[in-house]
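A.B. asks: Provided herewith is a single structure, encoded as structure tokens, for subsequent inquiry.
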Amino acid sequence: MPAFKLYQVIGRKAPTPLDPQPAVYRMKLFAPNEVVARSRFWYFMHQYRKMKKTTGEILDVNELREKNPNIIKNYAIWLRYNSRSGTHNMYREYRDLTLTGAVNQMYSEMAGRHRARPRSIQIIRTATIKDKDVKRPATLQFVKPNVKFPLPHRIIRAPEKKYRTTFHANRPNTFYQ
1 MPAFKLYQVI GRKAPTPLDP QPAVYRMKLF APNEVVARSR FWYFMHQYRK MKKTTGEILD
61 VNELREKNPN IIKNYAIWLR YNSRSGTHNM YREYRDLTLT GAVNQMYSEM AGRHRARPRS
121 IQIIRTATIK DKDVKRPATL QFVKPNVKFP LPHRIIRAPE KKYRTTFHAN RPNTFYQ
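If you're matching positions, the sequence shown starts at 1 in full-length UniProt numbering and goes up one per residue.
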């Protein structure tokens, strides 16, 4: 599955003599590329406004990037998806450096847990939430200030080049108590 990026698509109904200045609509969409972003724009515009590709025009498509991708954040995602039995609304939380990273986690999790394809998932809203507002246990466990992680498979290396050897008399041990 390709990585999803955040696009801003701006479009409107094509100007006519009756409506020379139609309303302009701006939509933020997650898509693997610009072509799919344009397609999803028309999909949603056809649902919410009486507008389709043949009667409208796209003014601009931009990829939006994270301002600070070096700080870990908690993201909340509200979504709607179609399953085999019907349409369901969901609220999900993810911890990531970027919003697109959190959305990619969401698409992977929805595919794994619910067999939901990306085309059947509609992201309604996204938000950055504070640590105190986190609800889900999977995200809560990483919010604690004293989080510790094990260091499995540690490989001890020679401190200097002169102590390196190609062959050793004993086998390496990467498990430590």
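Backbone N, C-alpha and C fix where the C-beta goes; we use that ideal spot for every residue, glycine too. Every value quoted in this text rests on a predicted model; they were computed, and no experiment measured them.
Nearest-angstrom Cα distance between residue 60 and residue 28?
C.D. replies: In a straight line, the C-alpha of residue 60 is about 12 Å away from that of residue 28.
A.B. asks: Quick one: Cα of residue 89 to Cα of residue 80, how far?
C.D. replies: About 4 Å.
A.B. asks: Excluding the 5 residues preceding and the 5 following residue 143 in the sequence, name in chain order all residues of the same chain whose CB lies nearer than 6 Å to its CB.
C.D. replies: Around residue 143: 131, 134.
A.B. asks: Hey, would you say residue 49 sits closer than 8 Å to residue 9, going by beta carbons?
C.D. replies: It is not a contact, given that the beta carbons lie outside the stated cut-off.
A.B. asks: From this set, 140, 72, 170, 17, which residue's C-alpha is nearest residue 101's C-alpha?
C.D. replies: Comparing Cα-Cα distances from residue 101 to each of 140, 72, 170, 17, the minimum goes to 72.
A.B. asks: Determine the burial state of residue 112: buried for a count of at least 16 other Cβ atoms within 10 Å of its Cβ, exposed for fewer.
C.D. replies: Residue 112 is exposed by the Cβ-count criterion.
A.B. asks: Hey, out of 129, 128, 127, 107, whose CA is closest to residue 121's CA?
C.D. replies: Taking only the C-alpha atoms, the option nearest residue 121 is 107.
A.B. asks: With respect to the beta strand (DSSP E) encompassing residue 101, which residues constitute its N-terminal and C-terminal limits?
C.D. replies: First-last for residue 101: 99 to 114, but that is the alpha helix (DSSP H), not the beta strand (DSSP E).
A.B. asks: Compute the Euclidean distance between the alpha carbons of residue 46 and residue 52, then round it to the nearest angstrom.
C.D. replies: Between residue 46 and residue 52, the C-alpha separation is close to 5 Å.
A.B. asks: Would you please state the rounded distance, in angstroms, between the beta carbons of residue 13 and residue 55? I believe it to be under 8 Å.
C.D. replies: At roughly 6 Å, the Cβ-Cβ gap stays under 8 Å, so residue 13 and residue 55 are in contact.
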